[in-house]
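Residues 219 to 602 in the working numbering are what the sequence shown spells out, letter by letter.
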Amino acid sequence: MTVTANRPSPPVVPPAPPEKPRKRRSPLWARLTTAAGAVLLIASGGGLIGGKMLISQTTETIEVQNLTGDAKKTVEEGGGATIDGPIDLLLMGVDKRASWSDDTLHSDTIIILHIPATHDQAFLISVPRDTEVETPAFAPSKWEGGTVKATEAFYWGAQNGAGAAGGAQLLAKTLKNMTGISFDGAAIINFNGFKGVIDELGGVDMCVDQQVTSKHMGLVDGKPVYLTDAEKEGLDPKPVVYKVGCRAMEGWEALDYARQRYGLKNGDYDRQRHQQQLLKSMAKKASDSGVMTNPLKISSLIKSAGKAFTLDIGDIELTDFALGLKDVAANDMVLLRTNSGTFSSNGNGREQFQEISLQMFQAAKKDELGQFVLDHPEVVANEK
């Protein structure tokens, strides 16, 4: 049955217990894949102290959840337990605070990360959160299927005890049906935990291309506070205004700026660019600042990363994953935009993909994205 849904219905059937997370032994370097949703891993190439010796050291266990479900890339599609061939990862950003449960979350950020078989580039494609999608039925959350926004697919997949992993699986399956892309793995990024990762890097350099006032944060006695928290406490915060220009930003500033969409010329499309810009800036900072060549800094970064990410890299061994992508550097990350970076309404207040965007997804599926970008340079977001 297909329905159009806006509000959740109360659960009728008691939920089945969620799948127990799988655990794997995690080498130190592979742990960094959680430190930026595979982005920091791509950042530093072969500059890590100790090289293969350090990568092979097993230091601790990490939880690895199944985030791709039925959208996992099959062996026939080029998936499996090897790093050979193109790699497609789904990155999902959620805003989860300590008191919020998984079944209240939406995926505010949706990025498809494509690495060609040559492993010498990384393409980031953002999916607009308000894109209208057809979600399939999803038994773990008792979801019957329906027409919703892309950001809501995660929400409906997380209901009835399915949790964040269920939300990721439903979103991954929805995107596979829509774009044809199957996924080797995925990562859920918790924005609040992400702040600590940026701070461990010593902040990042960001370029503001249009002035915008934060809809989320304010300043009280010079310290950042959520506007909702300030209102509850009767405080009168000073507005946080991001002015045009390039400068270093702390973790909270960079995340807050990258999350703004109201007041921007192209709304969510501009936000997508800024989120991609943030990921690239993090990768560049990790590469250029010496963080990846300092074992003490790496250890501290790992602790912060553990609070920010949930990871799934399918059947690929973590050491193989790390070594196989060591030649991709921050400057090899290409930021791509759907619909030429402008609104493309379907008349229902939701976004739809233009033909060029559908062709871009097909190029990614066929591992022809490099040539597609050369033929269609307008899809490239030239962020500083």
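Think of the CB as a built atom: it goes at the ideal place given N, C-alpha and C, for glycine as much as any other residue.
Assuming residue i and residue j form a contact by the criterion Cβ under 8 Å, report the distance between their Cβ atoms to the nearest whole angstrom.
i	j	result
Thr-556	Val-312	About 21 Å; that fails the 8 Å criterion.
Leu-603	Asp-530	Lying outside 219 to 602, the shown extent of the chain, residue 603 is not represented and no answer is given.
Met-435	Val-459	Rounded, the Cβ-Cβ distance is 11 Å, inconsistent with contact.
Gly-298	Asp-533	6 Å
Val-366	Met-396	12 Å between Cβ atoms; not a contact.
Arg-479	Asp-488	7 Å
Asp-306	Ser-400	7 Å
Asn-378	Lys-314	Their Cβ separation, rounded to whole angstroms, is 18 Å, which puts Asn-378 and Lys-314 out of contact at 8 Å.
Asp-302	Ala-382	So it is not a contact: roughly 30 Å between Cβ atoms.
Lys-583	Gly-398	5 Å
Gly-421	Ala-466	5 Å
For the alpha helix (DSSP H) holding residue i, just list the boundary residues, first then last.
i	result
Asp-486	485-506
Phe-527	Note, Phe-527: premise wrong, no alpha helix (DSSP H); beta strand (DSSP E) at 527-530.
Glu-362	Note, Glu-362: premise wrong, no alpha helix (DSSP H); not H, not E.
Ile-534	Neither: Ile-534 is in no alpha helix (DSSP H) and is coded neither H nor E.
Ala-448	445-450
Lys-583	573-583
Val-597	From DSSP, Val-597 is part of no alpha helix (DSSP H); its letter is neither H nor E.
Phe-590	587-593
What are the boundary residues of the beta strand (DSSP E) that residue i is part of?
i	result
Ala-476	No beta strand (DSSP E) holds Ala-476; the alpha helix (DSSP H) holding it covers 469-477.
Leu-554	551-554
Leu-419	Unbroken run through Leu-419: none, as it is neither H nor E.
Gly-385	Unbroken run through Gly-385 is the alpha helix (DSSP H), 381-397; no beta strand (DSSP E).
Gly-403	403-408
Ser-432	430-438
Phe-341	340-344
Glu-350	350-353
Val-459	456-460
Looking only at its own chain, which residues have a Cβ that is under 6 Å from the Cβ of residue i, when we skip the five neighbours before and after it?
i	result
Leu-342	Ile-329, Leu-331, Gln-494 and Leu-553
Gly-384	Pro-358, Ser-359, Gly-375 and Ala-376
Val-438	Leu-453 and Pro-455
Ala-405	Gly-255, Leu-309, Phe-527 and Leu-529
Pro-304	Pro-334, Ala-335 and Asp-585
Ala-581	Leu-587 and Phe-590
Trp-318	none
If I measure Cβ to Cβ from residue i and keep anything under 7 Å in the same chain, skipping five residues before and after, which residues do I get?
i	result
Lys-461	Val-426 and Gln-429
Ser-563	Glu-569
Val-371	In the sequence as presented, Val is not what sits at residue 371; that position holds Ala. Closer than 7 Å at the Cβ level, and outside the excluded window around Ala-371, lie Val-351, Thr-353, Leu-388, Leu-389 and Thr-392.
Glu-596	Ser-558
Phe-579	Thr-397, Gly-398 and Ile-399
Gly-588	Pro-334 and Gln-339
Ala-448	Gly-436, Val-438 and Pro-455
Ser-575	Thr-556 and Asn-557
Could you pull out every residue in the same chain whose Cβ sits closer than 8 Å to the Cβ of residue i, ignoring the five residues on either side in sequence?
i	result
Ser-518	Glu-418
Val-598	Val-552, Leu-553, Leu-554, Arg-555 and Val-591
Leu-369	Looking at the sequence shown, residue 369 is not Leu but Thr. Same-chain partners within the cutoff: His-324, Ser-325, Asp-326, Ile-328, Arg-347 and Asp-348.
Gly-463	Cys-425 and Val-426
Leu-482	Gln-428, Val-430, Asp-488 and Arg-489
Glu-295	Ser-400
Glu-468	Ile-416, Asp-417 and Gly-421
Gln-572	Thr-556, Asn-557, Ser-558 and Ser-562
Thr-206	It is not possible to answer for residue 206, since the shown part of the chain is limited to 219 through 602.
Ser-499	Val-422, Asp-423, Met-424 and Ala-472
Can you check whether the C-beta of residue i is within less than 9 Å of a C-beta belonging to chain D?
i	result
Asp-423	Absence of chain D from the displayed structure is noted, only one protein chain being present.
Quick one: is the Cβ of residue i within less than 8 Å of any heavy atom of the ligand HEM?
i	result
Pro-595	What this structure holds is no ligand at all, so the ligand HEM is not there to describe.
Requested in this report: Check whether the segment 465-477 touches the segment 414-425, taking contact to mean three or more Cβ pairs, one atom from each stretch, closer than 8 Å.
Outcome: yes
Query raised in the report: Which full runs of the alpha helix (DSSP H) of 4+ residues lie inside the segment 276-338, going along the chain?
Result: none
Report task. Take every Cβ of the segment 485-496, pair it with every Cβ of the segment 436-444, and state whether three or more of those distances are shorter than 8 Å. Result -> no
Report task. Could you tell me whether the segment 390-399 touches the segment 287-305, where touching means 3 or more Cβ pairs closer than 8 Å? Result -> yes
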